[in-house]
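Number of protein chains: 2
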Amino acid sequence: MPQVLTAKGQSTRTRIVQAAAQLVAEKGAAAMSLDDVCERAHASRSQLYHYFDDRDDLVRAVINATTDSVLLAQDGLLDHLDTWAGIDRWFAALVALQQEREARGGCPIGSLVGQLAERDPGARANLADGFERWEAHLRDGLERMQERGRLSAHADPASLATSTMALLQGGLLLTQVRRDPGQLRTALAAARVLLRSAAA
Amino acid sequence: MPQVLTAKGQSTRTRIVQAAAQLVAEKGAAAMSLDDVCERAHASRSQLYHYFDDRDDLVRAVINATTDSVLLAQDGLLDHLDTWAGIDRWFAALVALQQEREARGGCPIGSLVGQLAERDPGARANLADGFERWEAHLRDGLERMQERGRLSAHADPASLATSTMALLQGGLLLTQVRRDPGQLRTALAAARVLLRSAAA
DNA sequence: CAGGAGGTGGACTGTCAAGTCCAATCGATA
DNA sequence: TATCGATTGGACTTGACAGTCCACCTCCTG
Chain A
1 MPQVLTAKGQ STRTRIVQAA AQLVAEKGAA AMSLDDVCER AHASRSQLYH
51 YFDDRDDLVR AVINATTDSV LLAQDGLLDH LDTWAGIDRW FAALVALQQE
101 REARGGCPIG SLVGQLAERD PGARANLADG FERWEAHLRD GLERMQERGR
151 LSAHADPASL ATSTMALLQG GLLLTQVRRD PGQLRTALAA ARVLLRSAAA
Chain B
1001 MPQVLTAKGQ STRTRIVQAA AQLVAEKGAA AMSLDDVCER AHASRSQLYH
1051 YFDDRDDLVR AVINATTDSV LLAQDGLLDH LDTWAGIDRW FAALVALQQE
1101 REARGGCPIG SLVGQLAERD PGARANLADG FERWEAHLRD GLERMQERGR
1151 LSAHADPASL ATSTMALLQG GLLLTQVRRD PGQLRTALAA ARVLLRSAAA
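Protein chains in written order, with my numbering: chain A, 1 to 200; chain B, 1001 to 1200.
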């Protein structure tokens, strides 16, 4: 493990993580082999072990990179979850993305939970952190709505955010297993009903 | 592949599937090795290949066995989802189970989606079938409630059932990743709100 | 320009996994 | 009891994988 990374080192490390993240998305975490990673990243075995302790360390890096990219993909939407219109735009974008993908793949983060949560405690923690970063955007938005009196004073933004995330993740899972984007649409329509039922 | 299975053969086949199902639940589908299966089932390699085409064939059998056992574990609850009390009992039992398990493992079926859906189309179909069998119980219950006038005539039992399954699966996923049974409790409380909002 | 830390190449090892093969045993039935 | 398919044991082949090792390169710094 080097103490400091030069620009070159940083670039190599990033290339490796990106390649690994692609392979995990395509084939699953267990099926990602380090040989494949090296080949796709145009890196050698020693480069890999120069930047990561072992396979698990790389997988945790992949989780963080995946979380970053999922949040980045929703950039411009997650910061406006403090209006009904903003929430509707977010939901619509999520459904549109699944249609584009033909209902394949599910949630890049959620899919990893079943694969890693019970096998590597560190990975579970990283995944939990990823969900927290995601959910926080919605929770904050709902809190701002409550402050502005758009949400009932009795409503609990934290619970509403958790329930919405559950509908999103469950909807994505059903979408994936049934190969039907309509499953997510239905789930998010339910989230809309739920949130509106807490409107002031 | 034998055409007919004798009682002995049936018993051996079952022992193998049960052993495989345990290992999949404990270590994940990818980490289940056929050697482990043979050892735990007190069977030999040729017995395994006598009853299953290959690894994938065994995994599909595991999915079906797991679905059966999940539905069996809810026996006595799934047939009474046509009253509010019956639905509440079901939700309470699901939460209690997660508390008992200390929020570990998530949904035995749902966890497999991320592991198998994109890798084996047959497995995906089996999983979808499992979810359908599960969801059908709720949908049927809601339809009976609608017939009896307990649910609004405008309500859509199919959508409500799908949304409830999404909340259940998403709630289980969040419970697993956060090691907090409260996540499922929150999600199912939301399901209750959603269903009640469709009451007549 | 000399030294050292960061960075790189690629062969090598030990392990373990899936799937194959063949000979042997069991058990129902004619 | 003779036969045949169901059933079983376990060694074997082939391939892939994680992780190690060591020689070499590159570039900044003093």
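Glycine residues also receive a C-beta, built at the ideal position from the N, C-alpha and C atoms.
Just so it is clear, the structure is predicted and the values come from calculations on it, not from any experiment.
- Judged by DSSP secondary structure, residue 1047 (chain B) falls within the alpha helix (DSSP H) whose first and last residues are 1045-1051.
- Residue 32 (chain A) does not reach chain B, its nearest Cβ partner there being about 10 Å away, counting only Cβ pairs nearer than 8 Å.
- Along the region 91-112 of chain A, the positions whose C-beta sits under 8 Å from a C-beta of chain B are 104, 105, 106, 110, 111, 112, read in chain order.
- Among the residues facing chain B, residue 76 (chain A) is not included, as its CB has no counterpart in that chain under 8 Å away.
- Shown here, residue 1005 (chain B) sits in coil according to DSSP, grouped into three states, outside any helix or strand.
- Excluding the 5 residues flanking it on each side, residue 1024 (chain B) has same chain C-beta neighbours closer than 6 Å at 1032, 1062, in chain order.
- If you check the CB distance, residue 103 (chain A) and residue 181 (chain A) come in under 8 Å.
- Residue burial is scored here from C-beta neighbours: residue 1013 (chain B) has at least 16 other C-beta atoms within 10 angstroms and is therefore classed as buried.
- Between the alpha carbons of residue 1067 (chain B) and residue 1135 (chain B) lies a gap of roughly 12 Å.
- Per DSSP, reduced to three states, the secondary structure at residue 31 (chain A) is coil, with no helix or strand assignment.
- As a beta-bridge residue in DSSP terms, residue 199 (chain A) pairs with A:151.
- Of the candidates A:65, A:87, A:58, A:129, A:129 places its Cα closest to the Cα of residue 1179 (chain B).
- Under the 8 Å criterion on CB atoms, residue 141 (chain A) is classed as non-interfacial with respect to chain B.
- Per the Cβ contact rule, the region 1034-1053 of chain B is not in contact with the region 1105-1125 of chain B (fewer than 3 Cβ pairs under 8 Å).
- Contacts between residue 1193 (chain B) and chain A, judged by CB atoms closer than 8 Å, involve 194, 197 in chain order.
- A Cβ of chain A is located within less than 8 Å of the beta carbon of residue 1165 (chain B).
- By the Cβ neighbour-count rule, residue 1118 (chain B) is buried, with 16 or more other Cβ atoms within 10 Å of its own.
- DSSP, reduced to helix, strand and coil, places residue 73 (chain A) within a helical segment of the structure shown.
- Taking all protein chains in view, the Cβ of residue 1004 (chain B) is surrounded by fewer than 16 other Cβ atoms within 10 Å, so the residue is classified as exposed.
- For the set A:155, A:147, A:164, the Cα lying nearest the Cα of residue 91 (chain A) is the one of A:164.
- Neighbourhood of residue 1177 (chain B) in chain A, by CB distance below 7 Å: 113, 117, 124, 127, 128, 131, in chain order.
- With the rule of 3 Cβ pairs closer than 8 Å, the region 167-175 of chain A counts as touching the region 184-197 of chain A.
- Within the model, the alpha-carbon separation for residue 1010 (chain B) versus residue 1081 (chain B) is close to 34 Å.
- When rounded, the separation of the alpha-carbon atoms in residue 1122 (chain B) and residue 1056 (chain B) is 9 Å.
- Counting other Cβ atoms within 10 Å of its Cβ, residue 1137 (chain B) reaches 16 or more and is therefore classed as buried.
- Secondary structure note for residue 1088 (chain B): its alpha helix (DSSP H) is the uninterrupted segment 1084-1100.
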